[in-house]
Amino acid sequence: MALGISYLHYIESSIKQAFGENVNGLRMLELGDQITFGPDIVEKTGKAYFENRGFKHSSIDLNGHHDSLALDLRKPELFLDLYGMWDILTNAGTSEHIEPFEKQYECFSIIHDCIKVGGIAIHLVPDVYEHDEYNRWLNHCRYYYSEAFFELLAKECQYELLSNTVINGLRCVTIKKIKDEPFMSDRHKFLNVITQREMVHK
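Heads up: the sequence shown begins at 43 in the numbering used here, then just goes up one per residue.
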């Protein structure tokens with residue numbers, strides 16, 4: 043998923059809410075090697091965009107492009123060296139592509155473990171209501187999220203839920219990790235609030 047100006051503004055406003063104006067030196071981990079688009083955006087990648095604004099930025103993508111770390115978000119054991127290191131983690135259209143379905147749990151557990159206490163995770167992912175009612179992000183993926191999913195995640199992991207809204211059909215959520223607690227242990231309960239939709243081939 044590419045980062046347009048509305049999504050970049052959401053990410054930046056979430057960071058400002060959590061950390062104030064001085065972001066220089068904050069460590070940011072981006073899931074997916076994100077590109078940017080829009081006439082007012084000079085940078086071609088999320089990495090360049092955020093590095094030019096003072097962040098210490100790294101990204102994860104199996105393609106390894108733009109110096110991204112070629113790590114598999116289904117395998118927590120590959121991320122041990124990254125745990126507890128990140129002030130900010132962005133999941134902009136990445137987690138919904140993690141297959142098979144059961145590995146959604148591993149992906150979100152990795153996100154939980156990578157952000158430090160006091161850090162935030164920013165999610166911009168397809169919303170199931172927007173999909174079902176308005177055909178938003180139709181055929182984009184098999185897995186869709188909801189307001190209730192992130193409310194449950196916040197409750198189970200004792201996150202502070204800073205934002206939970208919709209922008210252009212995406213569920214845009216910012217959570218703050220406030221305790222050094224393990225990720226929620228009930229895999230079934232976690233998976234039960236992610237909605238599966240079949241891809242429609244025309």
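The beta carbon of each residue, even a glycine, is placed where N, CA and C say it ideally should be.
Proximal residues to residue 167 (C-beta, below 7 Å), its chain only, five neighbours per side dropped:
Translated into the one-based positions of the sequence shown, residue 167 becomes position 125. Around residue 167: 133, 135, 137, 138, 187, 212, 213.
Let me confirm a value: residue 200 is counted as buried when at least 16 other C-beta atoms fall within 10 Å, else exposed. Which label applies?
Taking the first residue of the sequence shown as position 1, residue 200 is located at position 158. Label assigned to residue 200: exposed.
Ignoring anything shorter than 4 residues or poking outside the segment 146-207, list the alpha helix (DSSP H) runs there in chain order.
146-156, 170-176, 189-199
Assign residue 89 to one of two classes, buried (16 or more other C-beta atoms within 10 Å of its C-beta) or exposed (fewer than that).
Looking up residue 89 in the sequence shown gives position 47. Buried, by the Cβ-count rule.
Could you round the C-beta distance between residue 83 and residue 115 to whole angstroms and report it? I think they count as a contact, below 8 Å.
Reading the sequence shown from its first residue, position 41 is the one you call residue 83. Reading the sequence shown from its first residue, position 73 is the one you call residue 115. Their Cβ separation, rounded to whole angstroms, is 26 Å, which puts residue 83 and residue 115 out of contact at 8 Å.
Measuring alpha carbon to alpha carbon, tell me which of 150, 112, 242 ends up nearest residue 224.
Here residue 224 is taken as the residue at index 182 of the sequence shown, counted from 1. Among 150, 112, 242, the Cα nearest to that of residue 224 is on 150.
What are the start and end residues of each continuous alpha helix (DSSP H) run of 4 or more residues lying completely inside the segment 61-144, in chain order?
88-93
Have a look at residue 230 and residue 145 and give me their C-alpha separation to the nearest angstrom.
For this step, residue 230 is matched to residue 188 along the sequence shown. For this step, residue 145 is matched to residue 103 along the sequence shown. For residue 230 and residue 145, the distance between alpha carbons rounds to 12 Å.
Give the C-beta separation of residue 216 and residue 164 to the nearest angstrom, bearing in mind that I take them to be a contact with Cβ-Cβ under 8 Å.
For the purposes of this step, residue 216 is taken as the residue at position 174 of the sequence shown. For the purposes of this step, residue 164 is taken as the residue at position 122 of the sequence shown. At roughly 5 Å, the Cβ-Cβ gap stays under 8 Å, so residue 216 and residue 164 are in contact.
Report yes or no: do three or more beta-carbon pairs, one from the segment 171-178 and one from the segment 113-132, lie closer than 8 Å?
no
Going by DSSP, which residues form a beta bridge with residue 215?
Here residue 215 is taken as the residue at index 173 of the sequence shown, counted from 1. 165, 206.
How many angstroms separate the CA atom of residue 54 from the CA atom of residue 46?
Reading the sequence shown from its first residue, position 12 is the one you call residue 54. Reading the sequence shown from its first residue, position 4 is the one you call residue 46. Cα-Cα distance, rounded: 12 Å.
In chain order, what residues of the same chain have a beta carbon less than 7 Å from the beta carbon of residue 170, not counting five sequence neighbours either side?
As a working mapping, residue 170 is identified with position 128 in the sequence shown. Cβ within range, chain order: 186, 187, 188, 237.
Terminal residues of the alpha helix (DSSP H) in which residue 221 lies
Stepping through the sequence shown from its first residue, residue 221 is reached at position 179. Careful: residue 221 lies outside any alpha helix (DSSP H) and carries neither H nor E.
Identity of the residue in 57, 101, 86 nearest residue 75 by Cα:
In the sequence shown, residue 75 corresponds to position 33, counting from 1. Considering only alpha carbons, the answer is 101.
Among 174, 221, 103, 108, which has the Cα closest to the Cα of residue 161?
By one-based count along the sequence shown, residue 161 stands at place 119. It is 221 whose Cα lies nearest to the Cα of residue 161.
Euclidean distance between Cα positions of residue 91 and residue 85
In the sequence shown, the residue the question calls residue 91 occupies position 49. In the sequence shown, the residue the question calls residue 85 occupies position 43. So the alpha carbons of these two residues sit roughly 5 Å apart.
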